[in-house]
Amino acid sequence: MDEIVISLNIGAEYANEFVSLQPARTELRIELTAGARRIATDPVVIGKMTQFGGHDIMALLTLWYEFDADNNLLTICSDDHDSPDAPYISAFTCDARSLSLRSPHPLPKSNTTAPGEWNFRSQLHPGLEGALAQPVREMVDQIKLAAQERKLNLLVRNNVPLLPPDLYKKLCPVYKDGNFVEFYDETKTYSGEYKLGDFGSIYGGNILLGVNQQFSNVIGSTNDPKIRGLTWIKLWESIYGAYGNCSSYQTAGVPGFAVGYFACTASGVCYGGHSLLGQFATVVPAGNNYVFIIPICPAHNNNDNVYMEAVAEQRAVALHNYFNMTEDFD
5 MDEIVISLNI
15 GAEYANEFVS
25 LQPARTELRI
35 ELTAGARRIA
45 TDPVVIGKMT
55 QFGGHDIMAL
65 LTLWYEFDAD
75 NNLLTICSDD
85 HDSPDAPYIS
95 AFTCDARSLS
105 LRSPHPLPKS
115 NTTAPGEWNF
125 RSQLHPGLEG
135 ALAQPVREMV
145 DQIKLAAQER
155 KLNLLVRNNV
165 PLLPPDLYKK
175 LCPVYKDGNF
185 VEFYDETKTY
195 SGEYKLGDFG
205 SIYGGNILLG
215 VNQQFSNVIG
225 STNDPKIRGL
235 TWIKLWESIY
245 GAYGNCSSYQ
255 TAGVPGFAVG
265 YFACTASGVC
275 YGGHSLLGQF
285 ATVVPAGNNY
295 VFIIPICPAH
305 NNNDNVYMEA
315 VAEQRAVALH
325 NYFNMTEDFD
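Per my numbering, residue 5 is the first one in the sequence shown, and the count goes up by one each step.
The structure is reproduced here in structure tokens:
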């Protein structure tokens with residue numbers, strides 16, 4: 005069975021008049037089989053109560069993930085993602101119910117009947133919640149490294165980044181009769197027959213493509229690629245910083261044939277290209293979860309008869325629920 009094995013420390017060096025803690029080693033095994041699942045490490049002892057019975061303190065880490073075998077795509081959530089799917093630490097004493105940093109989780113079975121619970125989020129333990137959350141961030145970083153080594157595509161769902169207000173407005177889609185019309189144009193006045201989709205509804209997170217991963221254009225993704233392409237590249241730059249070369253720099257192939265040389269636009273200017281994994285450019289229906297934004301030059305952006313490869317840049321912005329309608333104008 006193909007899997008990613010993450011070895012990590014759960015717990016923290018921490019002591020006060022109530023508890024004495026130290027990290028403990030454990031493993032998380034991510035099976036690379038199709039589908040979504042929630043997994044957890046085995047509970048490990050990370051310390052003791054120093055009063056009130058001296059019970060062992062145990063902890064485990066829970067991860068939700070999804071693997072799309074067809075697109076070689078692993079999806080996880082960042083540790084701070086506002087979602088029940090975000091990874092989290094649970095910590096408990098042998099006589100207590102689990103108290104998690106995240107959403108409700110099936111509780112470890114108690115082997116005793118002693119009452120009580122340990123609230124590590126209490127002000128009695130200042131700084132402990134953040135210390136116990138650190139292994140979750142380290143796990144996400146390890147998964148990123150493992151995905152790069154295996155040339156997997158990794159989508160990390162996270163919260164919408166803080167964007168300049170003018171840019172955010174330009175990224176909001178407008179619909180009529182349930183169909184995408186254009187991105188919000190502040191020079192226009194929209195009547196009640198139009199609907200506004202908030203950009204947050206189509207932002208899916210950050211995606212890290214495998215080196216040399218093949219991708220292609222989304223047909224019909226914008227009304228004006230020269231203008232809106234610049235808007236989307238500003239989104240990419242607001243997350244990752246200034247781009248360098250076209251992601252598929254001087255490289256492209258024709259579907260069914262070997263990858264070969266392709267002349268990028270000489271100016272070095274890039275658009276935020278709407279792209280998807282695979283060799284064939286296509287129209288993508290609203291609601292698709294596999295569209296992403298990545299820097300590509302005008303020559304690549306305007307040619308739907310070639311595919312591209314993640315040669316010079318692998319970082320992209322993922323779009324979720326692509327162009328789906330969400331709310332009305334006030």
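Even for Gly, the Cβ is constructed at its ideal location relative to N, Cα and C. These numbers were taken from a predicted model, which means no experiment stands behind them.
| query | result |
| --- | --- |
| Sheet register partners of GLU197 (DSSP bridge) | Its beta-bridge partners do not exist; DSSP assigns none. |
| Counted within 10 angstroms of its Cβ, other Cβ atoms place LEU166 as buried (16 or more) or exposed | exposed |
| Status (buried if at least 16 other CB within 10 Å, exposed otherwise) for PRO91 | buried |
| Alpha-carbon spacing of PRO108 relative to SER94, whole angstroms | Note that PRO108 scores 37 on pLDDT, short of 50, meaning its location in the model is unreliable; the coordinates nonetheless yield the value given after this. Cα-Cα distance, rounded: 10 Å. |
| Where the alpha helix (DSSP H) containing VAL310 begins and where it ends | It is not in any alpha helix (DSSP H) - VAL310 carries neither H nor E in the DSSP assignment. |
| Meets three-Cβ-pair contact criterion under 8 Å: the region 263-274 and the region 299-308 | yes |
| When ALA28, ASP6 and GLU21 are compared against ASN13, the one with the closest alpha-carbon | ALA28 |
| Local Cβ density within 10 Å of ALA118, reported as buried at 16 or more and exposed below that | With a pLDDT of 34 at ALA118, under the threshold of 50, the predicted position of this residue should be treated as unreliable, though the coordinate-derived value follows. By the 10 Å Cβ count, ALA118 comes out exposed. |
| Straight-line Cα distance separating TYR194 from GLN357 | What the structure shows of the chain is the stretch from 5 to 334, and residue 357 is not part of that stretch, so it cannot be assessed. |
| Buried or exposed (CB count within 10 angstroms, at least 16 for buried), LYS174 | buried |
| Three or more C-beta pairs below 8 Å linking the region 136-143 and the region 259-269 | no |
| The region 63-70 / the region 38-46 touching (three or more Cβ pairs under 8 Å) | yes |
| Validate contact between the region 314-327 and the region 276-296 using beta carbons, cut 8 Å, 3 pairs | yes |
| DSSP-derived helix/strand/coil call for LEU175 | coil |
| Straight-line gap, GLN127 to ALA19 (C-alpha atoms, nearest Å) | 14 Å |
| Endpoints, beta strand (DSSP E) assigned at PRO299 | 295-300 |
| Inter-residue CB distance, GLU31 and ILE8 (contact presumed, cutoff 8 Å) | Not quite, the Cβ-Cβ distance comes to about 11 Å (not below 8 Å), so this is no contact. |
| Per-residue DSSP class, three states only, for ASN163 | coil |
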